[in-house]
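Residue numbers are given in our numbering: position 607 of the sequence shown equals residue 1438, and the series is strictly consecutive.
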Amino acid sequence: MASICQRCAGMSMKLLVDLAEEEFGGHHFPSRAFYSHHQSFNDLEEAANDGCDFCRLVVDLFKGTPADIAIRISPTWLRPGGAHGSIKSAYTLAKTLKQSDVKIALGCNSRGGRSTYVPLRAVGALDVLMIQVGPEYEMDIDNDNDEQLCDTLPEMLLTITTPPDDPVYIRQYRVGRSQVDSDLGSQANYNLAKAWLRECKMTHSQCRASHMPQLPTRAIDVGVVADPQVRVVQPSGLDGPYATLSHCWGGPIQTVLTTKTLSSFKTGLSVDTLPANFKDAISITRQLGLKYLWIDSLCILQDSKEDWEIESKNMGRIYLYSEVNISAMSSKGSTDGILRQSAAPDPYPKPSYVQVHPDDPKGPFVSLERQLDLEEDLRRLDLYSPLSKRGWTLQESLLAKRHICYGEKQIYWRCPDGFKSADGLLQEAKRGYAPPTKTYPQLLWAAREDLFFYNLTPPQKRPILDQYYELIEAYSQRKLTFPSDKLPALAGLAQRLHYHLEGLYLAGLWSEDFHRGLLWKVQVGNLVRAEPYRAPSWSWAVTDQPISYYSPKLLSNSGVELRLLEVDITPRNEMNRFGEITSARIVARGHTMPLVRSTQVVEAWSPGFFCGRGEWDCQEGEMTLPSEPGKPMGVVSVERDGGQYLFSFLHTLHTVAGLTAASSAPAKLDFEVRSEGEYVVLLIQLDGRAQAECLVLRPVAGSVDSFERVGLLTMEAGIGRLPWREQTIRLV
């Protein structure tokens, strides 16, 4: 081992754990229970120059941290320029401190944010060494300009690691995370994946299947490890375990299954001719000891619309019953590869070591290295990886019960029992991460019900539907290579949910709860309908924009809500009524009011001025002055020309000194500035606040009795006094 100074010789992981038991701040530096290292930063640097390896690491850490980063992450540093304008690093900042004593404490790598408190008993691993130089908060008064200055530095962080086969425990506390093999295709990583799968199958009661699954219509027989070929087989009803692959296509794939290649693929397919993702998935499947693998482009006839319709309907079952799903989280396309070797760690600063037990210079030791600014973990991959942005992969991630997830740095495991990572950090160590089983528990129960060998009390329909709307909001954020896949990409999940929700599936809505299903809006800007036709105007599937749903908890059954009378949905393929459609209409009876649409913009926000507010679903070129983001629709009740109707206009917020405020001046409306079109407000349902949620409709051009959605409106006052008329409406 390298030389060590007297202060470092007195420091051990055992001592730091003792201090953490006395006071633990999670990822906040403790106020009193810490190890006093050097009396000043200059003393630390002197020890580093004398050859102390740990002190050298700390000094290099400060030298390698840019000053702007140190200032930005310090909540108390108020001087971003001025005297500090020429400072280049945290090292230079530390040298300017009046008080620069060095303090050390243990922390944890919590993912819940710096405001999240993590008690010591809930920590999966003490894997962070925090270094504080100077006081937590220091006040200084500049007498020249009476300016209050705060000279402090944030704590610097080092990651604590241990060999993967030799974890360190001090009493019940694990110290450090496991060192990971940067080669994702190494035998060590293969063995780890096999161990996770074996443990899940043998010990996780909630993950065990009730029966051996039937193989898909087609599958890839991967053969043995050294086999240069694989082949596509048609098992014809045989049972057996198989793996599936979730991946991003990333554009056209050269080697795909077609009616012309089916015969040759059944004879044999050279592994070397396949894209990198497929080759790696085959290697992983072989190493896991599985015989079969399912990949969409090699198991579905890509030139047969009929085969694609049938198999896309079966896709939910295929992923649901797979033994394990291989998730290529970080691969942007089929040629990227899954088993990539990540770049070598930054050699600067060079890692150092600290002894675990006091007075034991021969070890064991833990390794310390600079903590990366944005460390990879499963939560970050679920939120930001290429795979998390694709539409098809959402139902794959939900339905498959077991996942081996491949990032750029390491591999991960997820199943109904929890999740693991190669670095050994447990679920509790990554607080703030909510896997699908916690985000959509009732929905997943309904989708996976017949998968497990034990019985559970079935959830009520309401929580399933609540989570379905949350899921649709998340799904709307994702992208599809082919826009026509908007409904097919969720068909497998919808088919599974249909067993519990019953009723009819209405182009992404459910007849059992179609009132709520209608109450969606685009999150930003005006709605743009996808072309060519793929969904009716009243379905969220009509647009590629992110959408949000009206709060479902506020709706109530009042007896005046819309009643569904008829449904006519035409699927592109009768064998898949949950997939692509060619037309859709519903006939409903409800309460309506005529609406006149104005193009004028009014500055008005006075309480009681509106009887309703909402947003238009404007198409480009639909009107001379379409609704603009930030200019919502306001509605007032008007009695003119011998009748009563609703009058809409665009409004802006009245501002005073940059702040929104109620306008004291009455709004001036010009009732002659209006569009020529006819509009109808259709009451969908009352909510618990005596408000009415409504759709704004207009007649379809060339049709006598059909209407399309063009807006969403909330009626806020005087609902019962308006002359609503009961009417039968045909929505398309």
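Don't be surprised by glycine CBs; every beta carbon is placed ideally from N, CA and C.
As the structure is a computational prediction, the values presented were derived from the model and not from experiment.
Measure the CB-CB distance between residue i and residue j and report whether it falls below 8 Å.
| i | j | result |
| --- | --- | --- |
| residue 1076 | residue 1141 | no |
| residue 1380 | residue 1300 | yes |
| residue 1445 | residue 1335 | no |
| residue 1372 | residue 1317 | yes |
| residue 1165 | residue 1084 | yes |
| residue 855 | residue 960 | no |
| residue 1047 | residue 1108 | no |
| residue 1476 | residue 1402 | no |
| residue 1338 | residue 1407 | no |
| residue 1432 | residue 1505 | no |
| residue 928 | residue 860 | no |
| residue 1448 | residue 1541 | yes |
| residue 1155 | residue 1233 | yes |
| residue 1121 | residue 1112 | no |
Mapping DSSP to helix, strand and coil, what is residue i?
| i | result |
| --- | --- |
| residue 1406 | coil |
| residue 1516 | strand |
| residue 1043 | coil |
| residue 1364 | coil |
| residue 1502 | coil |
| residue 1169 | coil |
| residue 1295 | helix |
| residue 1373 | helix |
| residue 992 | strand |
| residue 1146 | helix |
| residue 1236 | strand |
| residue 910 | The predicted position of residue 910 is uncertain, since its pLDDT is 39 and thus under 50; no value can be drawn from it. |
| residue 1014 | strand |
| residue 896 | coil |
| residue 890 | helix |
| residue 1156 | strand |
| residue 1434 | strand |
| residue 865 | coil |
| residue 1555 | coil |
| residue 1196 | strand |
Less than 8 Å between the CB atoms is what I'm expecting for residue i and residue j, so what's the real figure, rounded?
| i | j | result |
| --- | --- | --- |
| residue 1314 | residue 1375 | 6 Å |
| residue 1161 | residue 1217 | 7 Å |
| residue 1478 | residue 1502 | 7 Å |
| residue 1170 | residue 1015 | 5 Å |
| residue 1219 | residue 1212 | 7 Å |
| residue 1430 | residue 1558 | Incorrect: roughly 26 Å between the Cβ atoms, too far for contact. |
| residue 1150 | residue 1225 | Actually they do not touch by this definition, with Cβ atoms about 11 Å apart. |
| residue 920 | residue 894 | 5 Å |
| residue 1409 | residue 1532 | Between residue 1532 and residue 1409 the Cβ distance is about 30 Å, and since that is not below 8 Å, they are no contact. |
| residue 1308 | residue 1294 | That pair is no contact at about 22 Å. |
| residue 1393 | residue 1419 | 5 Å |
Within its chain, find whatever has a CB closer than 6 Å to the CB of residue i; leave out the 5 residues flanking it on each side and keep chain order.
| i | result |
| --- | --- |
| residue 956 | 1005, 1008, 1256 and 1260 |
| residue 1195 | 1187 |
| residue 1399 | 1416 |
| residue 1523 | 1514, 1517, 1546 and 1550 |
| residue 1236 | 1158, 1160 and 1243 |
| residue 1065 | 1049 |
| residue 1296 | 1344 |
Just to confirm my understanding: we take residue i, look at its own chain, exclude 5 residues before and 5 after, and list those with CB closer than 7 Å. What are they?
| i | result |
| --- | --- |
| residue 1062 | 1052, 1096, 1097, 1098, 1099 and 1100 |
| residue 845 | 1001, 1187, 1188 and 1189 |
| residue 1173 | 1013, 1239 and 1240 |
| residue 912 | With a pLDDT of 42 at residue 912, under the threshold of 50, the modelled position of that residue is not reliable, and the figure given next carries that caveat. Hits under 7 Å: none found. |
| residue 1058 | none |
Who are the Cβ neighbours of residue i in its own chain at under 8 Å, not counting the five residues just before and after it?
| i | result |
| --- | --- |
| residue 1088 | 1049, 1063, 1096, 1128, 1129, 1130, 1131, 1132 and 1133 |
| residue 1330 | 1277 and 1280 |
| residue 1304 | 1377, 1378, 1379 and 1380 |
| residue 876 | 886 and 890 |
| residue 999 | 844, 993, 1005, 1006, 1007, 1187, 1195 and 1197 |
| residue 1463 | 1444, 1445, 1446, 1481 and 1482 |
| residue 1104 | 1086 |
| residue 1060 | 1054, 1099, 1100, 1101 and 1102 |
Given the structure, does residue i come close to the ligand ZN, in the sense that its CB is under 7 Å from one of the ligand's heavy atoms?
| i | result |
| --- | --- |
| residue 1369 | For the ligand ZN, the structure offers nothing, since it holds no ligand at all. |
Counting contacts by CB-CB distance shorter than 8 Å, is residue i in contact with chain B?
| i | result |
| --- | --- |
| residue 1352 | In the displayed structure, chain B is absent; only one protein chain is listed. |
Stretch-stretch touch, CB-based, cutoff 8 Å, three pairs: the region 1355-1368 with the region 1550-1563: yes
Cβ pair count under 8 Å reaching 3, the region 855-869 against the region 929-940: yes
The region 1021-1041 in contact with the region 1237-1256 per 3-pair CB rule at 8 Å: yes
Segment contact flag, the region 1293-1312 with the region 1199-1207, C-beta cutoff 8 Å, min 3 pairs: no
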